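The end of the sequence shown is residue 401 by the numbering used here, with every number in the run present.
What follows is a single structure, written as structure tokens, with notes after it.
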Amino acid sequence: MGVSARLGRPGTTPARILHAMTANLLDYDLEGLAAFCGQLGEKRFRATQLFRWIHQKGATDFDQMTDLAKSLREKLAGAAHIQGLNPVSRHDSADGTIKWLFDVGAGDVIETVFIPEADRGTLCISSQAGCAVGCRFCSTGHQGFSRNLTTAEIIGQLWYAEHFLRKHLGKTERVISNVVMMGMGEPLQNYAQLLPALRMMLDDHGYGLSRRRVTVSTSGVVPMMDRLAQDCPVALAVSLHAPEDELRSNLVPLNKKYPIAELLEACTRYQAAAPRDFITFEYCMLDGVNDQPEHARMLVELMRKHSLQGLACKFNLIPFNPFPASGLKRSDMAQVLAFAKILMDAGIVTTVRKTRGDDIDAACGQLAGDVQDRTGVQQRMATQRQGMLKGIKIVSREVGV
Ligand code: SAH
Ligand code: SF4
């Protein structure tokens with residue numbers, strides 16, 4: 001059962017008004033902070049000190065930064081502030097998973113999830129308030145899109161969670177070892193704000209995470225996959241969900257713009273820069289929609305074809321996490337395992353994702369937050385809902401597979 005803590009909502013205080021006029025230092029990666037310090041006439045090593053205070057020690061007040069000269073602290077206080085996120089609630093799952101809702105203003109609430117495991121602590125971060133891609137099986141997609149999160153709001157989720165957890169668990173060393181950009185939103189449709197946040201995660205003066213332990217998950221924004229490979233090649237997960245274009249376009253509308261062949265070619269290019277020597281493909285198992293043996297066999301064929309161009313893959317099957325508006329059902333475990341067996345028999349490494357935080361709606365695709373839909377996605381989804389499955393081929397379940 002989930003323990004829920006309702007936390008205070010921020011108001012429009014004089015401090016908030018003052019903050020709107022000065023720079024939020026959570027927006028800057030180390031290069032950005034060095035440039036900012038340069039404008040104040042300060043040397044680069046001051047930026048490094050400041051960066052460590054903010055990210056490694058969780059400081060919010062320049063007066064805490066005792067190894068900075070008082071004159072510099074005063075200068076900073078006049079020109080900058082450190083504004084983290086405001087949690088509105090926290091839900092603790094029986095399995096240790098923690099979900100936070102953060103108020104990002106103007107009626108938008110985003111979600112962040114911490115998933116503890118024996119050998120790692122993973123934080124699942126949101127990149128947008130809502131999402132404009134509008135995947136059929138995703139609760140965020142059904143909410144519509146409000147706005148891109150700022151860099152400060154993206155890194156602010158890690159900053160808040162890491163320092164909260166250290167206190168909460170009584171630890172002095174790092175608690176979060178892995179980050180997955182698998183919360184609300186399509187990270188590669190918010191590239192400009194995402195990039196500095198990724199750099200802060202990797203920076204040894206920041207969170208010092210390994211590239212292999214920071215994963216960007218994308219529904220397939222091909223040009224931005226190429227940019228990411230150049231700018232900051234972290235681990236990549238690609239949400240595939242179907243072995244052929246008609247079905248994929250129905251489930252992931254972005255497929256009409258970047259169809260499967262183009263997407264897999266981009267994956268092969270990405271692999272040359274990637275910190276892991278394979279790309280992870282996520283595949284949400286939807287009962288009677290994309291979970292039949294025939295779909296698995298088509299996937300094997302597809303991967304075989306692209307492996308000739310050098311693509312190496314791993315599959316992660318995600319049992320669908322249902323929500324009422326979707327009109328879709330989770331494949332049962334026998335179906336998921338039969339599907340996995342076909343992939344594995346063909347030599348494809350395949351895992352089935354464990355569902356965590358079920359009791360607090362913190363599982364993949366259940367993150368809905370509460371966003372102001374400014375693009376009409378919600379409206380379109382609602383009108384489509386009745387005939388929603390019309391375009392999707394629902395096949396009858398084969399018995400005994
Ligand atoms: N926009 C990005 C990242 C966020 S979604 C993307 O689509 O990859 C993170 C993962 O959750 C994706 O693989 C997505 O397909 C999956 N997902 C979305 N809704 C889901 C649901 N209801 N059940 C299971 N997985 C879901
Ligand atoms: Fe957006 Fe990803 Fe959800 Fe699709 S699955 S609607 S891309 S968050």
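Every residue, glycine too, gets a C-beta built ideally from N, C-alpha and C.
Source: prediction; values computed, not measured.
Between the beta-carbon of Ser127 and the beta-carbon of Ile155, is there less than 8 Å?
Residue mapping note: residue 127 aligns to position 127 of the sequence shown, counting from 1. Residue mapping note: residue 155 aligns to position 155 of the sequence shown, counting from 1. No, they are not a contact pair.
Are Pro293 and Ala340 touching if we call contact CB-CB under 8 Å?
Walking along the sequence shown from the start, residue 293 turns up at place 293. Walking along the sequence shown from the start, residue 340 turns up at place 340. Taking 8 Å as the Cβ cut-off, Pro293 and Ala340 do not qualify as a contacting pair.
Near Gly32, what residues of its chain come up, given a Cβ to Cβ distance below 8 Å and the 5 sequence neighbours on each side ignored?
Looking up residue 32 in the sequence shown gives position 32. Here the set comprises Pro196.
Residue from Ser71, Cys138, Ile82 whose Cα sits closest to the Cα of Pro324
Taking the sequence shown and counting its residues from 1, one reaches residue 324 at position 324. The option with the nearest alpha carbon to Pro324 is Cys138.
What number of angstroms, rounded off, separates the C-alpha of Ser229 from the C-alpha of His205?
Taking the sequence shown and counting its residues from 1, one reaches residue 229 at position 229. Taking the sequence shown and counting its residues from 1, one reaches residue 205 at position 205. Note that residue 229 is Ala in the sequence shown, not Ser. Rounded to the nearest angstrom, the two C-alpha atoms are 23 Å apart.
Quick check: the Cα distance between Arg297 and Ala346, rounded to an integer number of angstroms?
Here residue 297 refers to the residue found at position 297 of the sequence shown. Here residue 346 refers to the residue found at position 346 of the sequence shown. One C-alpha to the other measures close to 9 Å.
Using C-beta distances below 7 Å, list every residue in its chain close to Ala106, excluding the 5 sequence neighbours before and after it, in chain order.
Within the sequence shown, residue 106 is the residue found at index 106, counting from 1. Gln372, listed in sequence order.
Alpha-carbon to alpha-carbon, Gln335 and Trp53
The sequence position of residue 53 within the sequence shown is 53, counting from 1. The sequence position of residue 335 within the sequence shown is 335, counting from 1. Distance from the CA atom of Trp53 to the CA atom of Gln335, rounded to whole angstroms, is 50 Å.
Nearest-angstrom beta carbon gap, Ala266 and Met303 [assumed within contact, 8 Å]
Taking the first residue of the sequence shown as position 1, residue 303 is located at position 303. Taking the first residue of the sequence shown as position 1, residue 266 is located at position 266. Wrong, their Cβ atoms sit about 15 Å apart, outside the cutoff.
Test item: CB-CB of Asp27 and Thr150 under 8 Å:
One-based indexing of the sequence shown puts residue 27 at position 27. One-based indexing of the sequence shown puts residue 150 at position 150. Yes, Cβ-Cβ distance for Asp27 and Thr150 is below 8 Å.
In whole angstroms, what is the alpha-carbon distance linking Gly288 and Lys167?
Counting from one through the sequence shown, the residue named residue 288 turns up at place 288. Counting from one through the sequence shown, the residue named residue 167 turns up at place 167. Computed Cα separation, rounded: 46 Å.
Under 8 Å between C-beta atoms of Val252 and Val109:
As a first step, residue 252 is located in the sequence shown; it is residue number 252 there, counting from the start. As a first step, residue 109 is located in the sequence shown; it is residue number 109 there, counting from the start. Their beta carbons are not under 8 Å apart, which means Val252 does not touch Val109 by this criterion.
Does the beta-carbon of Glu31, which I'm using as the reference point, lie nearer than 7 Å to any heavy atom of the ligand SF4?
For the purposes of this step, residue 31 is taken as the residue at position 31 of the sequence shown. With a cutoff of 7 Å, Glu31 does not count as near the ligand SF4, since its C-beta is closer than that to no heavy atom of the ligand.
Does the beta carbon of Ile279 fall short of 7 Å from some heavy atom of the ligand SAH?
Here residue 279 refers to the residue found at position 279 when the sequence shown is read from its first residue. Checking the Cβ of Ile279 against the ligand SAH gives no.
Residue range of the alpha helix (DSSP H) that includes Tyr270
Within the sequence shown, residue 270 is the residue found at index 270, counting from 1. It spans 260–273 - the alpha helix (DSSP H) in which Tyr270 sits, taken as one unbroken run.
Which parts of the stretch 45–133 are runs of the beta strand (DSSP E), unbroken and 3 residues or longer, counting only runs that do not cross its ends?
Assignment of beta strand (DSSP E) within the stretch 45–133, counting only whole runs of 3 or more residues, yields 86–92, 98–103, 109–117, 120–124, 128–130 in chain order.
On the DSSP bridge assignment, give the partners of Leu317 in chain order.
Counting from 1 along the sequence shown, the entry for residue 317 is found at position 317. DSSP output for Leu317 lists Tyr283, Val352 as bridge partner(s).
DSSP on Val216, reduced to helix/strand/coil?
Counting from 1 along the sequence shown, the entry for residue 216 is found at position 216. DSSP places Val216 in strand when its eight states are reduced to three.
Buried or exposed by the 16-neighbour rule on C-beta atoms within 10 Å, applied to Asp291:
For the purposes of this step, residue 291 is taken as residue 291 along the sequence shown, with counting starting at 1. Flag for Asp291 reads buried.
Val133: beta carbon under 7 Å from a heavy atom of the ligand SF4?
Counting from 1 along the sequence shown, the entry for residue 133 is found at position 133. Yes - the ligand SF4 has a heavy atom lying nearer than 7 Å to the Cβ of Val133.
Looking at the unbroken alpha helix (DSSP H) that takes in Asn250, where does it start and where does it end?
In the sequence shown, residue 250 corresponds to position 250, counting from 1. Unbroken alpha helix (DSSP H) run through Asn250: 245–251.
8 Å contact criterion, which Ala359 and Ala59 should meet: CB distance rounded:
Here the question's residue 359 lines up with position 359 in the sequence shown. Here the question's residue 59 lines up with position 59 in the sequence shown. According to the sequence displayed, residue 359 carries Asp and not Ala. Not a contact, Cβ separation roughly 35 Å.
Just to confirm, does Ile318 get its C-beta within under 7 Å of one of the non-hydrogen atoms of the ligand SAH?
Along the sequence shown, read from residue 1 onward, the residue named residue 318 stands at position 318. Under cutoff, so the answer is yes.
Residues near Lys329 in its chain [Cβ-Cβ closer than 6 Å; skip 5 each side]:
Working through the sequence shown from its first residue, we reach residue 329 at position 329. Cβ within range, chain order: Asp287.
DSSP state of Arg147, grouped into three classes?
In the sequence shown, residue 147 corresponds to position 147, counting from 1. Looking at Arg147 - three-state DSSP - the assignment turns out to be strand.
Can you pull the DSSP bridge partners for Leu236?
Numbered from 1 along the sequence shown, position 236 holds the residue referred to as residue 236. Looking at the DSSP assignment, Leu236 forms a beta bridge with Val216.
For Thr172, does the count of other Cβ atoms within 10 angstroms reach 16, so buried, or fall short, so exposed?
As a first step, residue 172 must be located in the sequence shown, where it is residue number 172. Label assigned to Thr172: exposed.
Tell me whether Glu111, by its Cβ, gets closer than 7 Å to a heavy atom of the ligand SF4.
For the purposes of this step, residue 111 is taken as residue 111 along the sequence shown, with counting starting at 1. False, no ligand heavy atom lies under 7 Å from that Cβ.
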